[in-house]
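Count along the first sequence starting at 1, add 1170, and that's the number in the working numbering.
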Amino acid sequence: MARPENTLTTREAGRTETETDEETEETDPLACPECGAEGVRDESHGETVCTECGVVLEDDLVDRGPEWRAFDASERDEKSRVGAPTTGMLHDKGLSSVIDWKDQDAHGAALSSKKRQEMQRLRTWDERFRAQSARDRNLKQALGEISRMASALNLPDNVQETASVIYRRALEEDLLPGRSIEAMATAALYAAARKANVPRSLDEFAPVSRVERKEYARAYRYMNEELELAIKPADPASYLPRFCSELAVDPDVRNRARELLSAAERSAILSGKNPVGLAAAAIYAAGLLCEEKLTQNEIAEVADVSTVTIRERYPELLDAGATNPAAAAD
DNA sequence: ATGGTTTTTACTGCGTC
DNA sequence: GACGCGGTAAAAACCAT
C-alpha cells in the first residue's frame, strides 16, 4: 500500500517540467489554451481554472504565507494569522514560579484570614494562567504542523484556518489526552480539507504526517464523533479536478466524468464505495467514451487506488450513465 | 468479537503493438 | 517480450452490530 516513492513531489504526468522557473513568474492571468479565456484563481481549491471550459490551468499553488511559528525575538503581531493572539505574556517556558500552598508569609508567620482568602484567589488564577500557557504551547506546535502539512499537500489557507479552529475545539474539549498532538493535528487538517470540499484521501497524509496512518485515522474518527463535525461523505466529483489536471486530460473527459458521477448518484450506486475509486473509475469511463486513451494504470497511479477497483467500478458507472442520460444541469 | 462488504494483492490468460 | 485489460481467489481493511 504505502508506495515507496514520494507521490507528492513527483507530479509530472506528461507536462513540461517547470523546475527552475517557479518563482520568476508571478501574477499573470494564465490564458486557457482551449478557448482563450483567462483563468481564474480559485484559492479555495488551490487551482487556477478557466472561466469558460473549466480546465485546470495550474494546480500546484504553493502556500507562500509565513509559518505561524516565528521565533524572532520581536514577535510581530501579524504572525498570528491563525491561532491564539500572542500577548507576549503567556509563554513562561516552564520557568515561572508557583504560589506556595502554605498559608504563611515569608517569615513563617500565619496569615490573617483576609490574607488567606486573597492568596487562595491568587493561587486559583495562577493555576488558570499555567493551564492556559500549556495549552497555548500545545496549540502553537499543532498549528505549526498543520501549516507544514497543508503546504505540502497544496491545501489553501482557508482549509488551514478551518483546521486550526477544529484543533482548538478539540483542545478545549480535552480530547487530547491519550492522543498525540501530531495525530490530532493531522486529523484536524484532514477533516478541514473534507469540509472545504478539497478532500485529500487518508493515504495522502501518510507521507507528510509524522505519525502512522492508523493513528491519525483513529484520531479523526474520535474527533468527528466528539465534536460532531458532521462531515458529509466526500463527493467523488471533488477529486476530479485534481486527478484530471494531473493526468493532463482533455476537459471533455473531465466533464464527462462529472456527468457519469452525477448520473450514478441518482442511481444510488455510490454509497459505501470509496469515493476516490469512483472518481478514478469515472475518469477511465469518460476516457473510453471520449476516445482518449487513458490506461487504468496511470489513473490508478494518480488516484492511488488499484486497477482492480477501477475495473470493478467503471462498468457500473457506464451503466448508470446510459440508463440515466445526461444531467439536466448543463 | 463478529460478520458482511469493499479493496488490495498476486496471479492468470488473452490480444496487440 | 512488454503492455493493456479482464478475470479470479485469498488476504486485508473497513464498518456496523
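We put the CB at the ideal spot given by N, CA and C, even for glycine.
How would you call ASN1467, buried or exposed, if buried means at least 16 neighbouring beta carbons within 10 angstroms?
Exposed is the call here.
Specify, as a first and last residue, the run of the alpha helix (DSSP H) that SER1432 falls within.
Counting along the chain, the alpha helix (DSSP H) containing SER1432 begins and ends at 1421-1436.
Can you check which of these residues, LYS1365, ALA1452, GLU1288 and TYR1484, is closest to ALA1404 by C-alpha distance?
Ranking the options by Cα distance to ALA1404, first place goes to LYS1365.
Which same chain residues, not among the five before or five after ARG1286, have their C-beta less than 8 Å away from its C-beta?
Hits under 8 Å: ASP1273.
Going by C-alpha distance, which of ARG1370, PRO1347 and PRO1421 is nearest ALA1389?
For ALA1389, the nearest C-alpha among the options comes from PRO1347.
Here's the rule I'm using: 16 or more other beta-carbon atoms within 10 Å means buried, otherwise exposed. How should LEU1292 be labelled?
By the 10 Å Cβ count, LEU1292 comes out exposed.
Measure the C-alpha to C-alpha separation of ALA1427 and ALA1434 and round it to an integer number of angstroms.
Straight-line Cα distance between these residues: approximately 10 Å.
Excluding the 5 residues flanking LEU1397 on each side, which residues of the same chain have their C-beta closer than 6 Å to its C-beta?
Excluding residues within five positions, the ones whose Cβ falls inside 6 Å are ARG1339.
Counting only the same chain and skipping the five closest in sequence on each side, list residues whose C-beta sits under 8 Å from that of ALA1438.
The answer is none, since no qualifying residue turns up.
Counting along the chain, where does the alpha helix (DSSP H) carrying GLU1396 start and finish?
Note, GLU1396: alpha helix (DSSP H), 1383-1397.
When you compare only the Cα positions, how much space is there between SER1317 and LYS1284?
Near 49 Å, if we compare the C-alpha coordinates of LYS1284 and SER1317.
Compute the beta-carbon to beta-carbon distance between ALA1450 and VAL1475, rounded to the nearest angstrom, for a pair I have assumed lies under 8 Å.
Indeed they touch by this definition, with Cβ atoms about 5 Å apart.
Taking only the alpha-carbon atoms, compute the straight-line gap between GLU1385 and THR1356 and give it to the nearest angstrom.
So the alpha carbons of these two residues sit roughly 10 Å apart.
Take PHE1375 and list the residues in its own chain whose beta-carbon comes closer than 8 Å to its own, dropping the five residues that flank it on each side.
Answer for PHE1375: MET1319, LEU1323, THR1356, LEU1359, TYR1360, ARG1383 and TYR1386, listed in chain order.
Based on the DSSP secondary-structure assignment, which residues constitute the bridge partners of ALA1280?
According to DSSP, which records beta bridges pairwise, ALA1280 is partnered with GLN1274.
Rounded to the nearest angstrom, what separates ARG1412 and THR1465 at their Cα positions?
So the alpha carbons of these two residues sit roughly 17 Å apart.
Between which two residues does the alpha helix (DSSP H) carrying ASN1328 extend?
1327-1342 is the extent of the alpha helix (DSSP H) around ASN1328.
Determine the DSSP secondary structure at ILE1401, reduced to helix, strand or coil.
Three-state result, ILE1401: coil.
In angstroms with no decimal places, state the Cα-to-Cα distance between GLN1290 and GLU1297.
Whole-angstrom Cα-Cα distance: 11 Å.
Report, in whole angstroms, the separation of the C-beta atoms of TYR1392 and LEU1345, which I expect to be a contact under 8 Å.
The Cβ separation is near 7 Å, so the contact holds.
Skipping 5 residues on each side, what residues in its chain have a beta carbon closer than 6 Å to that of LEU1372?
For LEU1372, where only same-chain residues beyond five positions count, the Cβ hits under 6 Å are ALA1387.
Return the residue from the list GLU1352, ALA1407 and PRO1406 that minimises the CA-CA distance to VAL1381.
For the residues GLU1352, ALA1407 and PRO1406, the minimum Cα distance to VAL1381 belongs to GLU1352.
Need the endpoints of the alpha helix (DSSP H) that ILE1439 sits in, please.
Taken as a continuous stretch (DSSP letters only), ILE1439 belongs to no alpha helix (DSSP H), as it is neither H nor E.
Starting from ARG1380, trace the alpha helix (DSSP H) in both directions and tell me its first and last residue.
Note, ARG1380: premise wrong, no alpha helix (DSSP H); not H, not E.
Measure the alpha-carbon distance for THR1294 versus ALA1473 and round it to whole angstroms.
Whole-angstrom Cα-Cα distance: 54 Å.
Using beta-carbon positions only, say whether LEU1501 and ALA1455 come within less than 8 Å of one another.
Any property of residue 1501 remains undetermined from this structure, which presents the chain solely from 1171 to 1500.
Closest by CA to ALA1363, which one among PRO1326, GLY1457, LEU1440 and ARG1436?
Taking only the C-alpha atoms, the option nearest ALA1363 is PRO1326.
So, is ALA1400 buried or exposed, given that buried needs 16 or more other C-beta atoms within 10 angstroms?
Exposed.
Under the three-state reduction of DSSP, which class applies to SER1350: helix, strand or coil?
Three-state result, SER1350: coil.
Provide the residue span of the alpha helix (DSSP H) that contains TYR1484, from first to last.
From DSSP, the alpha helix (DSSP H) with TYR1484 extends over 1477-1493.
If you compare alpha carbons, which of CYS1414, ARG1305, GLN1311 and PHE1299 is closest to ALA1452?
Nearest option by C-alpha distance: CYS1414.
Determine the closest residue to THR1332 out of SER1350, LEU1313, ASN1308 and ARG1349, with distance taken between C-alpha atoms.
Per the Cα distances, LEU1313.
To the nearest angstrom, report how far apart LEU1281 and TRP1271 are at their CA atoms.
Looking at the two C-alpha atoms, the distance is approximately 12 Å.
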